[in-house]
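Notes for the one structure printed next.
2 protein chains.
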Amino acid sequence: MAVQTVASTTDSVDLGPAAALSCRECGHRVPLGPVFACEECFGPLEIAYDFSAYDTEELRKQIEAGPANIWRYAPLLPVPADVADKPNINPGWTKLVKADNLARELGVTGGLYVKDDSGNPTHSFKDRVVAQAIEAARAFGFTTLSCSSTGNLAGAVGAAAARAGFRSCVFIPHDLEQGKVVMAAVYGGELVGIEGNYDDVNRFCSELIGDPAGEGWGFVNVNLRPYYAEGSKTLAYEICEQLGWRLPDQLVVPIASGSQLTKIDKGLQELIKLGLVEDKPYKIFGAQAEGCSPVSVAYKAGHDVVRPQKPDTIAKSLAIGNPADGPYVLDIARRTGGAVEDVTDEQIVDAIKLLARTEGIFAETAGGVTVGVTKKLVENGLLDPALTTVVLNTGDGLKTLDAVAGTGLTATIRPSLDSFREAGLV
Amino acid sequence: MAVQTVASTTDSVDLGPAAALSCRECGHRVPLGPVFACEECFGPLEIAYDFSAYDTEELRKQIEAGPANIWRYAPLLPVPADVADKPNINPGWTKLVKADNLARELGVTGGLYVKDDSGNPTHSFKDRVVAQAIEAARAFGFTTLSCSSTGNLAGAVGAAAARAGFRSCVFIPHDLEQGKVVMAAVYGGELVGIEGNYDDVNRFCSELIGDPAGEGWGFVNVNLRPYYAEGSKTLAYEICEQLGWRLPDQLVVPIASGSQLTKIDKGLQELIKLGLVEDKPYKIFGAQAEGCSPVSVAYKAGHDVVRPQKPDTIAKSLAIGNPADGPYVLDIARRTGGAVEDVTDEQIVDAIKLLARTEGIFAETAGGVTVGVTKKLVENGLLDPALTTVVLNTGDGLKTLDAVAGTGLTATIRPSLDSFREAGLV
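Protein chains in written order, with the UniProt record's numbering: chain A, 1 to 426; chain B, 1 to 426.
Pasting the structure below:
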């Protein structure tokens, strides 16, 4: 595992309350830098903060007076205090939609909300994590932003890099659908097709990080991963603030690598410790597609270890067969009294249509997964319909139009009232 | 011209500060109802308000304490005071992006901003106008929401109707591209293909409004048009509030029917009259595609009358060859010291890429028109680069991917460092 030499030292790095990197497994601490694996045990590094100086009510006031984007939570993120003045695409503060129509259809009576992250600048939650990576890249003096991707991340990196004044170079499988290539290419960065599959692309990126050719390059989800991952905490912060500084009782969160779910839990725990919300139980449920359900399978079998799968599902943004944070997800689901469940591709499509038909929200396949899983969890009694429940939609249906390509005209008529009447629409 | 019988009377209608409908041509007033043409002169009806009771500073406070959507301006819109509690897709409060990178490329030094309406729920400004029509439809007791459309409006109506609990029935040309059909159909309303072109669809809708079969139907841009059109005022309100309750010096606004531009001017005038902004000059510039430039042609020729064109441009959301509000647009452009300009399809594509490359904003073709026209106006000296300028992007690039289909991979390589080095990317 390549641990890159760091040009900047902690002394010269201002990332706000971020104090150090700390190993999730063994607790070993290292200075802030573009590293992602513990030198002692190879465990994942995450940000350790110093929040000790905060007064709860002052912090709440500061947040509430902040901008309508993730930077209202700058005091809780690895970013400098003046982050809102820097060029960034400023994601977040997306709608928490009270979904009464959907609740009625699902039989949820305790209040059902959809956190709709399709409202982000490039229409997926990836903008949240990339925005953090951008600030870390700035702090470490990187000039090129990079990643491997098959979709949402490529667009998020391209857009954020363009606005922030970074060069970008994104690697994708060379045979990606033309639409996805266009969405990623339009921002004008380098977009390199790799002759091979997504695994080949990832392997190549790992090589590049350890090579002189990759010097000055920040790979948002590799050597900047500890910073990048923190972006998901903002989903937890926003949900609680939008509920009036209250924890929801239940959350349904999609699982790809599992990072988002673990960071949402981290965010909720921070709010409790800071006194911004009352300490009370909450349950976190993980949602997968049956065609890529390694965590769900392990959960149901009572295993602590996640056995990799070869993905085969329309929910491509969740199709990670060997999720790095799988074991942590299992732990959180079990510890909080949640569960991990999966749905078929057909159920995903049905759920996309259900959400659109009831709330006017057109979700990506990942949103079909969470809504479909919510429905299943109500049916099998694992989710309590009498409790306040928040379901995440992490992306936009415009990016996965193929999934609902069967949807079409309800009738075709001639331009006449007679023809209209014959169609039986009145 | 069909003037529908109104079930509800003004007495029973609570549309907040809306006091009556008033003819734009002759000033004749009629009670609030689902009518759109003056019974005296056939001129267009618009909303007349009673703002007389407002105290400036109290109003400002009320707005600033309001929700992060258009309903913060409820006191200035034809909606009931409790509108924010009703099911609606709650558009607006989209980002006003300080576009410093774009400003540098265009040579604008006085501050350049992009009002990015791709952040709306269905990713176009149409959500603003449909949201008003929904509240009017509720007030008048309509149960079905309808429109003719070739794109953005169909999705906006489908989504808003779904959430607000209306039946929807949208009419489109039967041979629309499959992608656009899917985007409109996913919300589960009736989507009817008409065998004919867009003119045939419109003609059919006009027949339906006058027929018993159309009873109880609100056509958002026909019999609800006076209410619908007011939604565009919120763009003016938001821009000024986001600038710190300050009028911009110059605005660049796209022209389809011309309604949006005229309502933005109306909104700015209202803010001045209410004392919410300082009274000072501002210039409004209209932007068209050369392939559908009836207002631009009339402007340049010094005419007061707009001669219809047959549209032929990639900017399909602006392709109205006979714009109803064309003469009003000409008047506003001339009165404020602005202008009307047009750009070619090639310039539209270049401008989409320019905006994406500089600010990470992927605009619909309509956004390419406004950015392209801004560039042209700087070059020909009609727009003063030393003044504060706001450019509107009214839609999302994901909806017009074909326009930039030529964008693609910058290189294809084998998954090896040697192959990467050969490609000359480092």
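Glycine residues also receive a C-beta, built at the ideal position from the N, C-alpha and C atoms.
Just so you know, these numbers come straight off a predicted model, no measurement behind them.
Can you give me the C-alpha to C-alpha distance between residue i and residue j, rounded to a whole angstrom?
i         : j         : result
Ile-361/A : Val-390/A : 15 Å
Val-3/A   : Tyr-73/B  : For Val-3/A, the predicted model reports a pLDDT of 39, less than 50, meaning its position is unreliable; a value from the coordinates is still stated below. Whole-angstrom Cα-Cα distance: 53 Å.
Ala-287/A : Glu-341/A : 5 Å
Lys-233/A : Pro-78/A  : 11 Å
Ala-154/B : Ser-148/B : 7 Å
His-303/A : Leu-425/A : 54 Å
Ser-206/A : Glu-290/A : 29 Å
Ile-239/B : Thr-388/B : 12 Å
Thr-373/A : Glu-135/B : Checking the displayed sequence, the identity of residue 373/A turns out to be Val instead of Thr. Rounded to the nearest angstrom, the two C-alpha atoms are 33 Å apart.
Ala-201/A : Asp-418/B : According to the sequence provided, residue 201/A is Val. The question's Ala does not apply to it. If I take the Cα positions, the gap works out to 14 Å.
Leu-330/B : Pro-34/B  : 28 Å
Ile-272/B : Pro-323/B : 28 Å
Tyr-227/B : His-28/B  : 17 Å
Glu-215/B : Gly-158/A : 50 Å
Glu-364/B : Glu-46/B  : 29 Å
Thr-38/A  : Arg-203/A : In the sequence under discussion, the amino acid at residue 38/A is Cys, which differs from the Thr named in the question. In a straight line, the C-alpha of Cys-38/A is about 20 Å away from that of Arg-203/A.
Ala-20/B  : Val-295/B : 30 Å
Phe-166/A : Val-186/A : 15 Å
Thr-370/A : Cys-26/A  : 33 Å
Cys-41/A  : Ser-22/A  : 12 Å
Val-349/B : Gly-218/A : 30 Å
Lys-375/A : Glu-105/A : 9 Å
Pro-281/A : Gln-242/A : 18 Å
Pro-327/B : Thr-336/B : 14 Å
Arg-163/A : Gly-188/A : 11 Å
Thr-144/A : Ala-84/B  : 44 Å
Asp-279/A : Ala-405/A : 45 Å
Leu-102/B : Asp-402/A : 34 Å
Gly-151/A : Ala-386/A : 37 Å
Pro-121/B : Ala-139/A : 34 Å
Helix, strand or coil: which one does DSSP assign to residue i?
i             : result
Phe-285/B     : strand
Glu-40/B      : coil
Arg-167/A     : strand
Gly-155/A     : helix
Tyr-187/A     : coil
Glu-25/A      : coil
Val-35/B      : coil
residue 433/A : Chain A is shown from 1 up to 426; residue 433/A falls before or after that span and cannot be answered.
Asp-211/A     : coil
residue 428/B : A query on residue 428/B cannot be resolved here, the shown segment of chain B reaching from 1 to 426 and no further.
Asp-14/B      : coil
Phe-219/A     : strand
residue 427/A : Not covered by the structure: residue 427/A. The range shown for chain A is 1 to 426.
residue 427/A : No information on residue 427/A is available, as it lies outside the stretch 1 to 426 that chain A covers here.
Ile-352/A     : helix
Ser-118/B     : helix
Leu-425/A     : coil
Thr-109/B     : coil
Ser-146/A     : strand
Ser-259/B     : helix
Lys-266/A     : helix
Lys-95/B      : coil
Residue i versus chain E: which residues are under 8 Å apart at the beta carbon?
i         : result
Tyr-187/B : Here chain E cannot be found, since the structure's protein chains are A and B.
Quiz item: Listed from N- to C-terminal order along the chain, which residues in the stretch 290-321 of chain A have their beta-carbon within a distance smaller than 8 Å of any beta-carbon of chain B?
Solution: Within the stretch 290-321 of chain A, no residue places its CB atom closer than 8 Å to a CB of chain B.
Quiz item: Of all the alpha helix (DSSP H) runs that stay within the bounds of the stretch 50-82 of chain B, which reach a length of 4 or more residues?
Solution: Whole alpha helix (DSSP H) segments, 4+ residues: 56-64.
Exercise. Report yes or no: do three or more beta-carbon pairs, one from the stretch 396-410 of chain A and one from the stretch 183-193 of chain B, lie closer than 8 Å?
Key: Under the three-pair Cβ rule at 8 Å, the stretch 396-410 of chain A counts as touching the stretch 183-193 of chain B.
Quiz prompt | Entirely enclosed beta strand (DSSP E) segments - the stretch 274-323 of chain A, minimum 3 residues | solution = Whole beta strand (DSSP E) segments, 3+ residues: 283-289.
Self-check item: Three or more C-beta pairs below 8 Å linking the stretch 398-407 of chain A and the stretch 376-384 of chain A
Solution: No, because fewer than three Cβ pairs between the stretch 398-407 of chain A and the stretch 376-384 of chain A fall closer than 8 Å, the two stretches do not touch.
Quiz prompt | chain B contacts from the stretch 130-161 of chain A (Cβ-Cβ distance under 7 Å) | solution = From the stretch 130-161 of chain A, only Ala-159, Ala-160 have a Cβ closer than 7 Å to chain B.
Quiz item: Is the stretch 50-64 of chain A touching the stretch 107-121 of chain A in the sense that three or more CB pairs, one from each, lie closer than 8 Å?
Solution: Too few Cβ pairs lie closer than 8 Å, so no.
Quiz item: Relative to chain A, which residues along the stretch 70-85 of chain B have a C-beta separation below 9 Å, given in chain order?
Solution: For the stretch 70-85 of chain B, there are no residues whose beta carbon sits under 9 Å from a beta carbon of chain A.
Quiz item: Quick one, which residues of the stretch 405-418 of chain A are near chain B if we go by CB-CB under 8 Å, in chain order?
Solution: Here the close residues are Ala-405, Thr-407, Gly-408, Leu-409, Thr-410, Ala-411, Thr-412, Ile-413, Arg-414, Pro-415, Ser-416, Leu-417.
Quiz item: Per the contact definition of three or more C-beta pairs closer than 8 Å, is the stretch 118-132 of chain B in contact with the stretch 77-97 of chain B?
Solution: With a cut-off of 8 Å, the stretch 118-132 of chain B and the stretch 77-97 of chain B count as touching, because enough Cβ pairs lie within range.
Quiz item: Of all the residues that make up the stretch 190-212 of chain B, which are near chain A by a beta-carbon distance shorter than 8 Å?
Solution: Within the stretch 190-212 of chain B, the qualifying residues are Glu-190, Leu-191, Val-192, Gly-193, Ile-194, Glu-195, Gly-196, Asp-200, Val-201, Arg-203, Phe-204, Glu-207, Leu-208, Asp-211.
Quiz item: Just by C-beta distance, which residues in the stretch 29-57 of chain A are closer than 8 Å to chain B?
Solution: If the cut-off is 8 Å between Cβ atoms, the stretch 29-57 of chain A has nothing near chain B.
Practice problem: Compile a chain-ordered list of the residues in the stretch 388-402 of chain B whose CB is closer than 8 Å to at least one CB of chain A. | Solution: If the cut-off is 8 Å between Cβ atoms, the stretch 388-402 of chain B has Asp-396, Gly-397, Leu-398, Lys-399, Leu-401 near chain A.
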